[in-house]
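Trainee: Heads up: the sequence shown at position 248 corresponds to 247 in numbering that gives the first Met the number 0, and the numbers run straight through without jumps. Before I ask anything, let me first share the structure, which is written out below as structure tokens.
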Amino acid sequence: MKPKVAFFDFSSCEGCQLAILNCEDILLDILNLVDLVEFRMALTETAPRYDVAFVEGSIHRDEDIERILDIRARSTYLVALGACACIGNVQARSNFVAPAVNYGEIYGEEARNRVQVDPDYWDLWSHTRVRPIDAIVKVDAYLRGCPIVPREFLHLVKSLLQGTQPFFPPNAVCVDCKMNENECVLERGLTCMGPVTWGGCDSICINSGYVCDGCRGTLPHANVEAHIELMREHNIDDRDIRSRYRLFMGAEPIGRGV
Ligand code: SF4
Ligand code: SF4
Ligand code: SF4
């Protein structure tokens, strides 16, 4: 019997699902080996249980929590699909702004004043903290990046079909970057999150003349203190460093002097 595979999305741009649909050259081969039972971008069907559930998007609301708990309960293996699901992504920046200020930025001064005095508004807004899915449920595997890397999606699918666990080496983006013989952008006084970020993306942004913004999330063994010191040594100011950590990683280097 073919494994039943489903895709779900929460707050996201659906770009990671699109990246999978764009794997046209091998997608038909994969579809011959699995039973695709839910995929809102391509199917209308639903199913009661899944062998593998791919979940895209970050968690914001109470109903999101109920829904992800339900998906988890019906899934044998659950994969976080992309930076929104893995780390909260850029929308998690809103967690660093006080709810009333945040509300006022979006809905105006009158709403900002109201949220501070109206318990119903406050209740609504205070329940919209942005979280990655592993803040709510157990995640069995992570496909990182904004968007995901199709090669890693294929590796994961092949591994699961062979009954093995996919392995993604915990190397920094700097490893990919050195392999590509790029000039280090820190030498030009630019910020780069490469030393503390999960590699595997082939340092695509640096190869193209940009910097690494850290879309694949912080490595578990990242030396954040050393990274901050390295950027300071290259005359990058603390405001810029803080902004970079908040951008994709939802991380606040508090207590590290930044
Ligand atoms: S990780 Fe990026 S590409 Fe994927 S759904 Fe989120 S915003 Fe879109
Ligand atoms: S800091 Fe950035 S540019 Fe420098 S080697 Fe690492 S990834 Fe490449
Ligand atoms: S270089 Fe950095 S920002 Fe670019 S894809 Fe890789 S991890 Fe993401």
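Every residue, glycine too, gets a C-beta built ideally from N, C-alpha and C.
Return yes when the C-beta of Gly-144 is under 8 angstroms from any heavy atom of ligand 3, and no when it is not.
Mentor: Residue mapping note: residue 144 aligns to position 145 of the sequence shown, counting from 1. The answer is yes for Gly-144.
Trainee: Could you check if Lys-1 is buried or exposed, using at least 16 other CB atoms within 10 Å of its CB as the buried criterion?
Mentor: One-based indexing of the sequence shown puts residue 1 at position 2. By the 10 Å Cβ count, Lys-1 comes out exposed.
Trainee: May I ask you to report which of helix, strand or coil DSSP gives Leu-246?
Mentor: As a working mapping, residue 246 is identified with position 247 in the sequence shown. It is helical.
Trainee: In this structure, does DSSP put Ser-57 in helix, strand or coil?
Mentor: Indexing the sequence shown from 1 puts residue 57 at position 58. Strand at Ser-57.
Trainee: May I ask you to check if the CB of Val-54 is nearer than 8 angstroms to at least one heavy atom of ligand 2?
Mentor: Position 55 of the sequence shown, counting from 1, holds the residue named residue 54. For ligand 2, not one heavy atom lies less than 8 angstroms from the Cβ of Val-54.
Trainee: Does DSSP put Ser-93 in a helix, in a strand, or in coil?
Mentor: The residue you call residue 93 lines up with position 94 of the sequence shown. Helix, per DSSP.
Trainee: Would the C-beta of Gly-81 count as close to ligand 1, meaning under 8 angstroms from any of its heavy atoms?
Mentor: Your numbering for residue 81 matches position 82 in the sequence shown. Under cutoff, so the answer is yes.
Trainee: For Ser-202, is the beta carbon positioned less than 8 angstroms from some heavy atom of ligand 3?
Mentor: Taking the first residue of the sequence shown as position 1, residue 202 is located at position 203. Ser-202: yes, Cβ under 8 angstroms from ligand 3.
Trainee: Comparing the CB of Ser-93 with every heavy atom of ligand 1, is any distance shorter than 8 angstroms?
Mentor: Reading the sequence shown from its first residue, position 94 is the one you call residue 93. Checking the Cβ of Ser-93 against ligand 1 gives no.
Trainee: Considering only the beta carbon of each residue, do Arg-130 and Ile-70 sit closer than 9 angstroms?
Mentor: As a position in the sequence shown, residue 130 is number 131, starting the count at 1. As a position in the sequence shown, residue 70 is number 71, starting the count at 1. No.
Trainee: Using a Cβ-Cβ cut-off of 8 angstroms (strictly less than) and excluding sequence neighbours within five positions of Pro-168, which residues of its own chain qualify?
Mentor: Your numbering for residue 168 matches position 169 in the sequence shown. Only Gly-198 and Gly-199 meet the Cβ criterion.
Trainee: The alpha helix (DSSP H) with Phe-152 in it runs from where to where?
Mentor: On the sequence shown, position 153 is the one that residue 152 refers to. Per DSSP, Phe-152 belongs to the alpha helix (DSSP H) from 149-160.
Trainee: Taking the Cβ atom as the reference point for each residue, do Asp-8 and Glu-55 lie within a distance shorter than 9 angstroms?
Mentor: For this step, residue 8 is matched to residue 9 along the sequence shown. For this step, residue 55 is matched to residue 56 along the sequence shown. Against a cut-off of 9 angstroms, the Cβ pair of Glu-55 and Asp-8 comes out as a contact.
Trainee: Between the beta-carbon of Phe-53 and the beta-carbon of Leu-142, is there less than 9 angstroms?
Mentor: Along the sequence shown, one-based indexing puts residue 53 at 54. Along the sequence shown, one-based indexing puts residue 142 at 143. Against a cut-off of 9 angstroms, the Cβ pair of Leu-142 and Phe-53 comes out as a contact.
Trainee: Output the boundary residues of the beta strand (DSSP E) element that contains Asp-8.
Mentor: To locate residue 8, count along the sequence shown from 1; it is residue 9. Taken as a continuous stretch (DSSP letters only), the beta strand (DSSP E) holding Asp-8 covers 3-8.
Trainee: Under a three-way DSSP split, which group does Ile-253 fall into?
Mentor: Taking the first residue of the sequence shown as position 1, residue 253 is located at position 254. Note that Ile-253 scores a pLDDT of 45, beneath 50, so its modelled location is shaky; the value from the coordinates is reported in the next line. Three-state DSSP puts Ile-253 in coil, outside helix and strand.
Trainee: Hey, how far is the Cα of Leu-20 from the Cα of Glu-108?
Mentor: Position 21 of the sequence shown holds residue 20. Position 109 of the sequence shown holds residue 108. Going from the Cα of Leu-20 to the Cα of Glu-108 covers about 42 angstroms.
Trainee: Consult DSSP for Arg-128 and reduce its assignment to one of helix, strand or coil.
Mentor: The residue given as residue 128 occupies position 129 in the sequence shown. Coil at Arg-128, not helix or strand.
Trainee: Would you mind sorting Asp-61 into buried or exposed? The rule is 16 or more other CB atoms within 10 Å of its CB.
Mentor: Your numbering for residue 61 matches position 62 in the sequence shown. The residue in question, Asp-61, is exposed, as its Cβ has fewer than 16 Cβ neighbours within 10 Å.
Trainee: Could you check the C-alpha separation between Val-257 and Arg-243 for me, to the nearest Å?
Mentor: Along the sequence shown, one-based indexing puts residue 257 at 258. Along the sequence shown, one-based indexing puts residue 243 at 244. The pLDDT assigned to Val-257 is 45, lower than 50, so where the model puts this residue is not dependable, and the model offers no usable value.
Trainee: According to DSSP, Val-78 sits in a beta bridge with which residue or residues?
Mentor: By one-based count along the sequence shown, residue 78 stands at place 79. In DSSP, Val-78 forms a bridge with Phe-53 and Ala-140.
Trainee: Just checking, does the segment 21-38 make contact with the segment 67-81 on the three C-beta pairs under 8 angstroms criterion?
Mentor: Flag = no, the segment 21-38 and the segment 67-81 do not touch.
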